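Just so we're aligned, residue 255 is where the sequence shown starts under my numbering, counting upward by one. We treat Cβ as the ideally placed atom computed from N, Cα and C, and that holds for glycine. The structure presented is a predicted model; accordingly, all values stated were derived computationally and were not measured.
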Amino acid sequence: MKIERLWVAALVGLGLWSSAQAQVSVELAWVRTTVPNQVSSGAFMRITALKDVRLVAARSPVAGVVEVHEMKIDNGIMRMRPAGELSIKAGQSLELKSGGYHLMMMDLKRQIKAGETVALTLEFKAPDGSVSDVAVKAVAALTQPVP
Numbered sequence: 255m256k257i258e259r260l261w262v263a264a265l266v267g268l269g270l271w272s273s274a275q276a277q278v279s280v281e282l283a284w285v286r287t288t289v290p291n292q293v294s295s296g297a298f299m300r301i302t303a304l305k306d307v308r309l310v311a312a313r314s315p316v317a318g319v320v321e322v323h324e325m326k327i328d329n330g331i332m333r334m335r336p337a338g339e340l341s342i343k344a345g346q347s348l349e350l351k352s353g354g355y356h357l358m359m360m361d362l363k364r365q366i367k368a369g370e371t372v373a374l375t376l377e378f379k380a381p382d383g384s385v386s387d388v389a390v391k392a393v394a395a396l397t398q399p400v401p
């Protein structure tokens with residue numbers, strides 16, 4: 255019985271260590287579906303930081319490249335470009351959404367079909383230089399799913 259309690263305590267401790275390292279939570283993650291042979295798509299979500307962090311990179315097994323991009327209207331023309339790193343202040347949220355900052359998934363390895371789950375890994379950097387990965391499971395949909 256004593257060993258079981260130690261085991262449970264160790265597992266709980268590991269879980270707390272894990273979330274302490276990440277310092278972020280991710281909600282409402284989704285990826286836009288694609289048609290056959292489409293080479294890119296977008297991923298969207300809400301990221302909330304417990305402490306100051308920067309989103310520095312992202313990756314997915316379904317894409318050769320994943321970059322943080324920004325879409326905006328400039329003189330009536332829609333422009334999309336890599337945004338680099340995004341800062342998130344403690345206690346604040348960053349919305350990755352259609353028409354703004356988002357993850358651009360390029361060199362897709364396969365079609366993304368409605369209802370499937372797409373794995374993403376987000377990489378965050380803290381002010382002290384430590385780096386944490388956060389695993390995200392995003393649902394594939396044509397439009398943003400209703401929460």
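Cβ neighbours of Lys343 within its own chain (closer than 8 Å, five residues either side excluded): Ala303 and Asp306. Residue Thr287 holds the alpha-carbon nearest to the alpha-carbon of Arg364 among Thr287, Pro336 and Gln277. By the neighbour-count criterion, in which a residue is buried when 16 or more other Cβ atoms sit within 10 angstroms of its Cβ, Val390 is buried.
Cβ neighbours of Leu396 within its own chain (closer than 6 Å, five residues either side excluded): Thr287.
For Val293, there is no enclosing beta strand (DSSP E), since its DSSP letter is neither H nor E. Excluding the 5 residues flanking it on each side, Gly354 has same chain C-beta neighbours closer than 8 Å at Glu324, Met325 and Lys326, in chain order. The three-state secondary structure of Gly318, taken from DSSP, is strand.
Residue state for Ile331 is assigned as strand, using DSSP reduced to three classes.
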